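Everything on this sheet refers to the single structure shown next.
In our numbering, the protein residues as written are 9 to 138.
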């Protein structure tokens with residue numbers, strides 16, 4: 009993570025401006041459920057994060073595209089975490105955890121009685137480019 013932060017700090021000002029993008033080509037290594045049951049996974053995710061309206065620290069809105077499907081996300085910094093909602097009850101979070109690692113949390117908050125609320129955590133290894 010320190011390398012990623014240093015790489016961002018070394019970028020010229022236009023690179024850090026709105027419109028710059030970060031691309032993650034990831035492999036899902038492990039998927040865990042909300043009760044801690046984990047299994048090995050073999051899946052890929054292509055993720056693009058583009059700043060839309062952010063302040064100097066990176067706080068603001070981002071476009072997040074995962075495997076071709078886009079969403080507007082809230083971000084706390086240029087490296088996340090990023091949080092967005094799909095429909096009424098699905099919440100997703102993407103957090104970079106190291107130079108080549110990330111976590112994606114997928115929550116379903118459908119009211120109990122319709123579908124029991126549940127979540128999954130994807131452990132990702134990624135190639136990150138700017």
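For each residue, glycine too, the CB sits at the ideal point set by N, CA and C. In this text the structure is predicted, and so the values were computed from the model without any measurement.
When the Cα atoms are used, what is the spatial distance from residue i to residue j?
| i | j | result |
| --- | --- | --- |
| residue 38 | residue 97 | 24 angstroms |
| residue 61 | residue 36 | 29 angstroms |
| residue 64 | residue 85 | 9 angstroms |
| residue 95 | residue 107 | 31 angstroms |
| residue 71 | residue 49 | 26 angstroms |
| residue 135 | residue 51 | 15 angstroms |
| residue 58 | residue 90 | 11 angstroms |
| residue 137 | residue 120 | 40 angstroms |
| residue 93 | residue 28 | 23 angstroms |
| residue 81 | residue 67 | 11 angstroms |
| residue 53 | residue 117 | 23 angstroms |
Using the rule of at least 16 other Cβ atoms within 10 Å of the residue's Cβ for burial, across every protein chain shown, is residue i buried or exposed?
| i | result |
| --- | --- |
| residue 122 | exposed |
| residue 88 | buried |
| residue 46 | exposed |
| residue 124 | exposed |
| residue 44 | exposed |
| residue 83 | buried |
| residue 131 | buried |
Kindly list the residues whose CB is nearer than 6 angstroms to the CB of residue i, restricted to its own chain and excluding five residues on each side of it in sequence; keep chain order.
| i | result |
| --- | --- |
| residue 55 | 32, 74 |
| residue 24 | Residue placement at residue 24 cannot be trusted, given a pLDDT of 44 that sits under 50; what the coordinates show is reported in the next sentence. Excluding residues within five positions, none has a Cβ falling inside 6 angstroms. |
| residue 115 | 99, 127 |
Any C-beta of chain B sitting closer than 7 angstroms to the C-beta of residue i?
| i | result |
| --- | --- |
| residue 84 | In the displayed structure, chain B is absent; only one protein chain is listed. |
With the cut-off set at 7 angstroms, would you say residue i and residue j are in Cβ contact?
| i | j | result |
| --- | --- | --- |
| residue 41 | residue 110 | no |
| residue 112 | residue 102 | yes |
Exercise for the section: Please specify which runs of the beta strand (DSSP E), each continuous and at least 3 residues long, are wholly inside the segment 84-122, giving them in chain order. Expected result: The qualifying runs are 90-94, 98-104, 109-116.
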